[in-house]
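Working notes, beginning with the structure itself.
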Amino acid sequence: MTDTDAALRAYVLEDDPDIAALEADLLREMGFSVVACTRIVELGDLMELALPHLMVIDVMLPDGDGGDITELLRSAWPGIPAIFVSAASRERLAELAPLGPVVPKPFDLDQFRQAVEQALESGRELRSAS
5 MTDTDAALRA YVLEDDPDIA ALEADLLREM GFSVVACTRI VELGDLMELA
55 LPHLMVIDVM LPDGDGGDIT ELLRSAWPGI PAIFVSAASR ERLAELAPLG
105 PVVPKPFDLD QFRQAVEQAL ESGRELRSAS
């Protein structure tokens with residue numbers, strides 16, 4: 005892994021430890037350093053320390069809605085790519101689509117990787133437009 009690869013940072017907000025571990029493993033394979041958290045407040049604390057290149061966010065969390073917190077975080081830090089991984093209803097997943105790629109649970113590993121690439125590309129486009 006090169007220094008450039010190591011510089012990629014991803015935050016995973018997921019309350020299921022098995023899914024969080026799987027997502028973290030996949031992201032590491034893609035060259036990310038990963039920090040996982042289980043609560044929205046933890047993600048907020050991480051964002052104050054260092055901004056990620058990608059956020060992977062579960063929607064249904066014990067302390068709130070991952071989609072709602074993403075909108076709030078983006079108001080402070082625009083352009084941070086996010087993907088949503090959730091077993092939420094189709095209607096809720098459709099509402100999230102404008103915020104980033106949506107991966108319904110259970111997910112296919114290739115589907116997850118494609119969502120990561122799509123989110124990163126969207127983030128690059130947003131940064132180059134500003």
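Number 134 marks the last residue of the sequence shown (this note's numbering); no jumps.
In this text, a Cβ means the ideal position worked out from N, Cα and C, and glycines have one as well.
Bear in mind the structure is a predicted one, so any value in this text is a computation, not a measurement.
Positions of the beta strand (DSSP E) runs, each at least 3 residues long and wholly inside the region 32 to 117, are given as 37 to 41, 58 to 62, 86 to 90, 106 to 108 in order along the chain. Relative to Phe111, the option among Ser126, Glu99, Glu125, Ala92 whose CA is nearest is Ala92.
DSSP links Val16 through a beta bridge to Ala40, Val60. If you draw a 10 Å sphere on the C-beta of Ser79, you find fewer than 16 other C-beta atoms in it, and that means exposed. Cβ neighbours of Asp69 within its own chain (closer than 8 Å, five residues either side excluded): Val63. Burial state of Pro102 is exposed, judged by a 10 Å Cβ sphere holding fewer than 16 other Cβ atoms. One Cα belongs to Leu53, the other to Leu65, and the distance between them is close to 22 Å.
Glu27 and Pro82 have their alpha carbons spaced roughly 24 Å apart. With respect to the C-alpha of Met59, the residue from Thr74, Asp67, Leu113, Asp49 having the closest C-alpha is Thr74.
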